[in-house]
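Have a look at the structure below before the remarks.
In this note's numbering, the protein residues as written are 1220 to 1335.
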């Protein structure tokens, strides 16, 4: 059974940093393209960072240069380093396989709030 547990969110001032973690069970991240998704208030969930099973990364324009996705295959975890945070980054963040849909299992997400 698939379980995804995100953590590391919190309240941070603009310009600050957070590191999100995602513990995955039920499948091996090493064999999958993985992604972090962002769901801002009133908006649909969208992918902001992906990492292929080969290690290639891709980012939404809104986070490019500020966020870094990484993966620890031994721990079966995925991370998102978030730097230079902006008000617009306020959202609930989820990890999952890339191109996940509503039919995939999802974790509870972790709330990131950027506020002064």
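Glycine included, C-beta positions come from ideal geometry on N, C-alpha and C.
For residue 1311, the uninterrupted beta strand (DSSP E) run begins and ends at 1310-1316, by DSSP. Relative to residue 1291, the option among 1234, 1272, 1281 whose CA is nearest is 1272. The C-alpha of residue 1299 is placed about 20 Å away from the C-alpha of residue 1324.
Take the alpha-carbon of residue 1332 and the one of residue 1256: they are about 15 Å apart.
Residue 1268 is bridged by DSSP to 1255, 1278. A residue is called buried once 16 or more other Cβ atoms fall within 10 Å of its Cβ, and residue 1275, having fewer, is exposed. Segment contact: the segment 1245-1264 against the segment 1306-1313, three or more CB-CB distances shorter than 8 Å; contact assigned. Membership of residue 1285 in any beta strand (DSSP E) is not indicated, and neither H nor E is assigned to it by DSSP. In the structure shown, residue 1225 adopts extended strand secondary structure according to DSSP, grouped into three states. The Cβ-Cβ distance between residue 1245 and residue 1221 falls below 8 Å. Straight-line spacing of the CA atoms in residue 1330 and residue 1228 works out to 5 Å. The beta-carbon distance between residue 1241 and residue 1297, rounded to whole angstroms, is 4 Å. This is short enough to meet the 8 Å contact definition.
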